[in-house]
Amino acid sequence: MKFTISWLKEHLETKALDEEIINKLTAIGLEVEEVQDASALYGDFLIAQVVDEEKHPNADKLKLCKVDIGGKVVDVVCGAPNVVKGMKVVYAPPGAVIPINQMKLKVVKIRGVESSGMLCSEYELGISDSHDGIIHMSENSNVGGLYIDQMNLNDVMIEIGITPNRQDCLGVYGIARDLAAAGIGELKEIELPKFKTVGKNPINILFEETSNQKNYCSAFGSRYIKNVKNCESPQWLKDKLSSIGLKPISALVDITNYILFDYNRPLHVYDADKISGDIIIRAAKKDEIFLGLDDKEYNLSEGMCVIADEKQPLGLGGILGGSLSACSTNTTNVLLESALFIPANIASTGRKLFIDSDARYRFERGVDPNSLNIGLDRAAKLIQEICGGEISETQICGTIPNNEHDISFDLLKNTNRLGVEIDQSEIESMLKKLGIKITSKKDNLICTIPSWRHDIHGEADLSEEVIRLKGFDAIPVLPVRTEKRINEKILSDSYKNSLRSKRFLAHRGSNELITWSFTSSKDSKFYIDDQKLEIQNPISEELDILRPSLIPNLLNAIKKNSSRGFESFSLFEVGNQFFSDQSGDQKNIACGLRAGIKFEKSWRTEKSHYDTYDVKDDILTLINHLIPQNKKIEINAGAPKWYHPGRSATVMLNKKTVLGYFGELHPKIMKFYKIKSRISVFELFLDEVPTKLKKTTNKENYIVSDFQAVDRDFAFTIDKEIEGKILINLALKADEKLVKNVEIFDVFEGESIGIDKKSLAIKVTLQAFDRTLNETEIQEVSAKIVDSIQQKTAGVVRS
Amino acid sequence: MSNLNSISKNIESEKKLVKDIETLEKMRLQFLGKKGEITILMKDLGKMDPKERKAKAEELNKVKDSVNNFINSKSDEFEDELMSNQLASEKQDLTLDSKISDGRIHPITQVIDEVIAIFTDLDFCVAEGPEVETDYNNFTALNTSENHPARQMHDTFYVNSETDGMLNVLRTHTSPVQIRSMLEGKPPFRLIAPGKTYRCDNDQTHTPMFHQVEGLVIDKTSNMGHLKGCLETFLKEFFETETPKMRFRPSHFPFTEPSAEVDIGYRKDGNQIIIGEGDSWLEILGCGMVHPNVLKNVNINPDEYQGYAFGVGIERLAMLKYGISDLRTFYDSDLRWLKHFGFIPLDIPSISGGLSR
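Residue numbers (our numbering), protein chains in the order written: chain A, 198 to 996; chain B, 1335 to 1691.
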């Protein structure tokens, strides 16, 4: 909402300085977003007259001008083609700052001739793009006077942000009222216009269906004005609209705009001669066509409110006027409308048709019902003053609702809410200045809320009025700590797992990324079966669904960073993946990617690349970090379809819970992304990882044997398909008391042992709790191990 | 005696031949070994009469000691030489690089961890909620009816699923966690809810996904003074300054009444942002007393209970505290940026250990 200080002062009697007003606006919740001070911008510029001009001795296109700046003549070099002797111009003296480029003028020599100052174009002043020539001021301009005085620019323009609840401040008058209540001066009463009326409105106005009327329009007020002459607006009106960035159009339109911004009252003016028959206020029919003032064609739907004649819609009620009944320079008879539309209907119509208009903005926030008559009369009077004509009596269709209501305001509760006791007389005085009538006293005030305040419904709202006018500085700073702690559990298990995972993975050398929760459906086809994940109004095609996996965005991160020259990738993200678009159908995942160079070739290491065993280490050490000493973890070959089927595995807990997957991404995904290197991934379902299961914080019993342990190595030739973990388990089970550990230390495949075979070498550690094992015992256990493995795997021990 | 004399002569000549540990050992064996020349003479002592033996023994021991001394000192000398040869041969050039693992924590994670550290110290717990929310939880329960103009300011993302006939949304703020928490529990409440939020907006100063932390305190007495104290404590601790400059401005949120926005005072020194000095203001959070209608919507009697709520933008906090000037870089996945602005994994913020280094 834009206005100027001088416009404000038409409604506010105040001696406050501009700066006080600006600070107070923000302090009472009308946040100042911009201040434009023309006198600061143009204050140095003078009106001057060219008394003589001749060609510059050293340049063809420059002229040497003698310029009268009010009792003194200076030399100015000027390149404008339109400069002539006698012309009145805008002169910037040395020291002035040119608005368009912030250049500070100095006395300079131009091609050997001294130039003192500059003659300005509109472009240089930042007024328009025109720099064809310098500004030609009118003949009656006062030479030597200030440019801002000549142009009536001696004003400060302020733009404030209005929160959706403060519909009452969408007009200058309302802003003045709020400032008055905050102690900045006195609100001036609006003078009710007086004029003679001539007869009744000749146009018949009716609601088509009174039963539905309450859904879209409660009252429609109008006056008929005949024999007007639409013309250019007078200078004061044009200046006023220009001062807040509006373009003057014609007197009839400018007057309605003026009342809109001054008094927060949307109006509309129809060319009455373009209306066929009666005016009917009705709901639009399905697919009815409406031609807007913006020259666009709108396809209406049922329930939208139209102001129509017998043939067609002439206006979209409270949102946009129509082109068919628009006023022109030939207009002689007009119908002036001042109506009251229902906010919900305005909002939904505006949303459906994507129309943002000043009227819609106000009606959907709620307009003061009592402004209907005052606005209508002020506009009618102005039309008569500027365009002439005879005004009919007011005709009101429907009824103006009375929305004044009472709130009982408990001052003790107010104190308990605000944390500060404010003097009752001060409260009453502030509220009264807002137009709130107070009828009962003592601790409970009965407050009658005026028709223009649609945001005050209860006591909390009144507390807000009190504290915003009083100022938040009045509130003391009270301690936030309480004596008794109320929360037992601070973080959920899942949240703890997230926090721990991030720190752990980063400490393992991986980098934490946070990527969008959206991704592209194209990139996601590898991870989706038939989940519904679409976003209705995505920000772009690349971000059109909720992510079904964290992998696609991380792959894009690898692509991006490859192009930045990175060749080694250790990335992870901890966040939600979505299983459907239902609320809550999301899981917390830790997802890590490793790709590219693990070790660069160096004096010390051979070049090597990340592989599946790196992500296996990641996920298993992470699980171990989250649930220490858990021995019930199992690795099963195979993982979902986005993994390489032969290079992936599923991590299980207690044989039934899937904790996660790891492995190499499927080569077809790499092909899709045109990524050459192999990428290894793990995904861990953090919500599935149990945190503390036991009740005790004690560790397990400490049992170690001090007797000597012996290692024995075995090698078996077995079928290629048999997994190493099977051999390990068989060896462990061969003698559960004595076999302490089994590790695979070599894997060999080659034609020498057959293409469908492999050789696995295991190291078995044997140890007893109560003795050192003798050779016979060792031989016995070894035999058991060999027998068991040979029997169960059809393998052959290699010697 | 002549024998001893010849041995002494031999000793002198052999000494000159000793040049390393092997020749030294050879000399030891020649004189002191089992069949060494001195050893043999020592054995002969037994056959002598006592008088002769005493005189001979004295002489012989002198010679033996001198040989022993020579061998010991030479032995030390040779060992030292060996050690210095070994050291010289084992020299490494440690200016050569070794690979250092250098994972980083994202600044958003770090800042959320800082916020959690501060508030849990003040007896707040951490609450969570889903990112796909019902229209009811995101708006209606928060006193924002279907046609409320505030809804349009939220630029909501919609999905196709519905709850009670209304399309579900990507939560536009963390405030629906207030609703979920209050419906699940009983007052009093003291919680924060950090998390991801979404708005359909994408330009230099807006990202379609961002982070907020919600705060909620409901009991029988908490008022705007406590709200002020809470936020002041938070800002003091977060920005690690004793004198944060705060400015409360009246504002509007449908779910709080009275509502305020809080600006923080700062000044710029080159690219550095100095919090608590200067006269520039930056809006960092919205807050207010929980609206009685919100309490009614979660079955809490507003005549008995009251309290405050606030919502802070995590990105704003991170940008101010750590001097990150461009919002969009948070989600650009640029490893160079992460290396620069990211955090060492074991720098875990805590009240006892400090929030930042």
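In this text, a Cβ means the ideal position worked out from N, Cα and C, and glycines have one as well.
**Prompt:** Is Ile664/A helix, strand or coil by DSSP?
**Reply:** Here residue 664/A corresponds to residue number 467 of the first sequence, with the count starting at 1. DSSP places Ile664/A in helix when its eight states are reduced to three.
**Asked** From Tyr1532/B to Ile748/A, what does the alpha carbon distance come to, in whole angstroms?
**Response** Working through the second sequence from its first residue, we reach residue 1532/B at position 198. Working through the first sequence from its first residue, we reach residue 748/A at position 551. Looking at the two C-alpha atoms, the distance is approximately 20 angstroms.
**Message:** Out of Gly860/A, Ile786/A, Leu743/A, Glu831/A, which one is the CA nearest neighbour of Arg844/A?
**Reply:** One-based indexing of the first sequence puts residue 844/A at position 647. When each option's Cα is compared against that of Arg844/A, the closest is Gly860/A.
**Interface residues of the segment 640-672 of chain A facing chain B [CB-CB below 7 angstroms]** = Gly655, Ala657, Asp658, Ser660, Glu661, Ile664, Arg665, Phe669, Ile672
**Request:** Measure how close the beta-carbons of Asn454/A and Leu367/A come, nearest whole angstrom, since I'm counting them as under 8 angstroms.
**Result:** Locating residue 454/A in the first sequence gives position 257, counting from the first residue. Locating residue 367/A in the first sequence gives position 170, counting from the first residue. The pair is not a contact, with the Cβ atoms about 13 angstroms apart (cut-off 8 angstroms).
**Asked** What are the boundary residues of the beta strand (DSSP E) that Lys630/A is part of?
**Response** On the first sequence, position 433 is the one that residue 630/A refers to. Where Lys630/A is concerned, there is no enclosing beta strand (DSSP E), although the alpha helix (DSSP H) it sits in stretches over 621-630.
**Message:** So His1674/B contacts chain A; which residues on that side make the cut at Cβ distance below 9 angstroms?
**Reply:** To locate residue 1674/B, count along the second sequence from 1; it is residue 340. Within 9 angstroms Cβ-Cβ: nothing; His1674/B doesn't reach chain A, min ~12 angstroms.
**Item:** Exposed unless 16 or more other CB atoms sit within 10 angstroms - verdict on His328/A
**Value:** Position 131 of the first sequence holds residue 328/A. His328/A is exposed by the Cβ-count criterion.
**Asked** Which stretch, first to last residue, makes up the beta strand (DSSP E) that contains Pro842/A?
**Response** For the purposes of this step, residue 842/A is taken as the residue at position 645 of the first sequence. Its beta strand (DSSP E) spans residues 840-850.
**Request:** Report yes if the CB atom of Phe1582/B is closer than 8 angstroms to the CB atom of Phe487/A, and no otherwise.
**Result:** Indexing the second sequence from 1 puts residue 1582/B at position 248. Indexing the first sequence from 1 puts residue 487/A at position 290. No, these two residues do not count as a Cβ contact at 8 angstroms.
**Request:** Could you say which of Thr1663/B, Gly1687/B, Ser1684/B, Arg1691/B lies nearest to His1440/B if we only look at CA atoms?
**Result:** As a first step, residue 1440/B is located in the second sequence; it is residue number 106 there, counting from the start. Closest option to His1440/B, Cα to Cα, is Thr1663/B.
**Message:** Please report whether the beta-carbon of Ile725/A lies at a distance below 8 angstroms from any beta-carbon of chain B.
**Reply:** The residue labelled residue 725/A in the question sits at position 528 within the first sequence. No, because no Cβ of chain B sits closer than 8 angstroms to the Cβ of Ile725/A.
**Item:** Cα-Cα separation between Ser1336/B and Gln1420/B, rounded to whole angstroms
**Value:** If you number the second sequence from 1, residue 1336/B lands on position 2. If you number the second sequence from 1, residue 1420/B lands on position 86. The pLDDT assigned to Ser1336/B is 48, lower than 50, so where the model puts this residue is not dependable; a value taken from the coordinates is nonetheless given after this. Near 45 angstroms, if we compare the C-alpha coordinates of Gln1420/B and Ser1336/B.
**Request:** Express the C-alpha separation of Gly514/A and Ile732/A in angstroms, rounding to a whole number.
**Result:** Indexing the first sequence from 1 puts residue 732/A at position 535. Indexing the first sequence from 1 puts residue 514/A at position 317. Rounded to whole angstroms, Ile732/A to Gly514/A spans 33 angstroms at the Cα level.
**Prompt:** Cα separation between Glu770/A and Leu1476/B?
**Reply:** Translated into positions along the first sequence, residue 770/A becomes position 573. Translated into positions along the second sequence, residue 1476/B becomes position 142. Using only the alpha carbons, I get a separation of about 32 angstroms.
**Prompt:** Where Val248/A and Asp241/A are concerned, what is the direct C-alpha to C-alpha distance, given to the nearest angstrom?
**Reply:** Counting from one through the first sequence, the residue named residue 248/A turns up at place 51. Counting from one through the first sequence, the residue named residue 241/A turns up at place 44. Each residue's Cα considered, the two are about 21 angstroms apart.
**Message:** Can you check whether the C-beta of Leu823/A is within less than 8 angstroms of a C-beta belonging to chain B?
**Reply:** Reading the first sequence from its first residue, position 626 is the one you call residue 823/A. Answer no: the Cβ-Cβ gap between Leu823/A and chain B never drops below 8 angstroms.
**Asked** By Cβ distance below 7 angstroms, which residues in the same chain neighbour Val369/A in space, the five residues on each side in sequence not counted?
**Response** On the first sequence, position 172 is the one that residue 369/A refers to. Phe200, Trp204, Leu205, His208, Phe458, Asp459.
**Request:** State the CB to CB distance for the pair Asn351/A and Ser236/A, rounded to an integer number of angstroms; the pair is presumed to be in contact (CB under 8 angstroms).
**Result:** As a working note, residue 351/A is residue 154 in the first sequence. As a working note, residue 236/A is residue 39 in the first sequence. That pair is a contact at about 6 angstroms.
**Request:** Taking the CB atoms as reference points, tell me whether Gly1610/B and Lys1579/B lie closer together than 8 angstroms.
**Result:** What you label residue 1610/B is simply residue 276 of the second sequence in a count that begins at 1. What you label residue 1579/B is simply residue 245 of the second sequence in a count that begins at 1. A contact, by the Cβ cut-off of 8 angstroms.
**Asked** Of all the CB atoms in chain A, is at least one closer than 8 angstroms to the CB of Met1335/B?
**Response** Along the second sequence, one-based indexing puts residue 1335/B at 1. Bear in mind that the predicted position of Met1335/B carries a pLDDT of just 45, short of 50, making it unreliable; the figure below should be weighed with that in mind. So, not an interface residue.
**Cut-off 7 angstroms between Cβ atoms - residues of its own chain near Ala754/A, not counting five sequence neighbours on either side** = Position 557 of the first sequence holds residue 754/A. Here the set comprises Leu710, Thr712, Leu768.
**Prompt:** In chain A, what lies closer than 8 angstroms to Ser1423/B by C-beta?
**Reply:** Here residue 1423/B is taken as the residue at index 89 of the second sequence, counted from 1. The contacting residues do not exist; Ser1423/B stays about 18 angstroms from chain A at best.
**Prompt:** Whose CA, out of Tyr421/A, Asn570/A, Lys853/A, Ile476/A, lies closest to the CA of Ile588/A?
**Reply:** Locating residue 588/A in the first sequence gives position 391, counting from the first residue. The shortest Cα separation from Ile588/A among Tyr421/A, Asn570/A, Lys853/A, Ile476/A belongs to Tyr421/A.
**Every unbroken beta strand (DSSP E) inside the segment 256-342 of chain A [3 residues or more]** = 260-265, 270-275, 285-289, 305-307, 310-312
**Asked** Can you name, in chain order, every residue of its own chain whose Cβ lies under 8 angstroms from the Cβ of Thr990/A, other than the five neighbours on each side?
**Response** Numbered from its first residue, the first sequence carries residue 990/A at position 793. Once the five neighbours on either side are set aside, the close Cβ partners of Thr990/A are Phe913, Ile915, Asp916, Ile919, Ile923, Leu924, Leu927.
**Residues bridged to Ser956/A (per DSSP)** = As a working note, residue 956/A is residue 759 in the first sequence. DSSP, once it has assigned bridges, lists Thr914/A, Phe945/A as partnering Ser956/A.
**Request:** Determine the burial state of Leu1517/B: buried for a count of at least 16 other Cβ atoms within 10 Å of its Cβ, exposed for fewer.
**Result:** Stepping through the second sequence from its first residue, residue 1517/B is reached at position 183. Classification of Leu1517/B: exposed, given that the 10 Å Cβ count is below 16.
**Request:** Examine chain B for any beta-carbon lying closer than 8 angstroms to the beta-carbon of Ile624/A, and answer yes or no.
**Result:** Mapped onto the first sequence, residue 624/A falls at position 427. No - not a single Cβ of chain B is within 8 angstroms of the one on Ile624/A.
**Request:** Determine, using beta carbons only, whether Ile1446/B and His1540/B come nearer to each other than 8 angstroms.
**Result:** As a first step, residue 1446/B is located in the second sequence; it is residue number 112 there, counting from the start. As a first step, residue 1540/B is located in the second sequence; it is residue number 206 there, counting from the start. No. Outside cutoff.
**Where the alpha helix (DSSP H) containing Gln509/A begins and where it ends** = Taking the first residue of the first sequence as 1, we reach residue 509/A at position 312. Careful: Gln509/A lies outside any alpha helix (DSSP H) and carries neither H nor E.
**Item:** CB contact below 8 angstroms: Asn1557/B versus chain A
**Value:** Against the second sequence, residue 1557/B aligns to sequence position 223. Taking Cβ atoms only, chain A reaches closer than 8 angstroms to Asn1557/B, which makes this a yes.
**Message:** Just to confirm the assignment, what range does the beta strand (DSSP E) spanning Lys199/A have?
**Reply:** For the purposes of this step, residue 199/A is taken as residue 2 along the first sequence, with counting starting at 1. It spans 199-201 - the beta strand (DSSP E) in which Lys199/A sits, taken as one unbroken run.
**Message:** Using the three-state DSSP reduction, which class does Ser1336/B fall into: helix, strand or coil?
**Reply:** By one-based count along the second sequence, residue 1336/B stands at place 2. Note that Ser1336/B has pLDDT 48, beneath the 50 cutoff, so the model's placement of it is unreliable and no number is given.
**Request:** With Ile820/A as the anchor, note down where its alpha helix (DSSP H) starts and where it stops.
**Result:** For the purposes of this step, residue 820/A is identified with residue 623 of the first sequence, where counting begins at 1. From DSSP, the alpha helix (DSSP H) with Ile820/A extends over 809-823.
**Residue from Tyr807/A, Val936/A, Leu790/A, Ile872/A with nearest C-alpha to Val878/A** = Counting from one through the first sequence, the residue named residue 878/A turns up at place 681. It is Leu790/A whose Cα lies nearest to the Cα of Val878/A.
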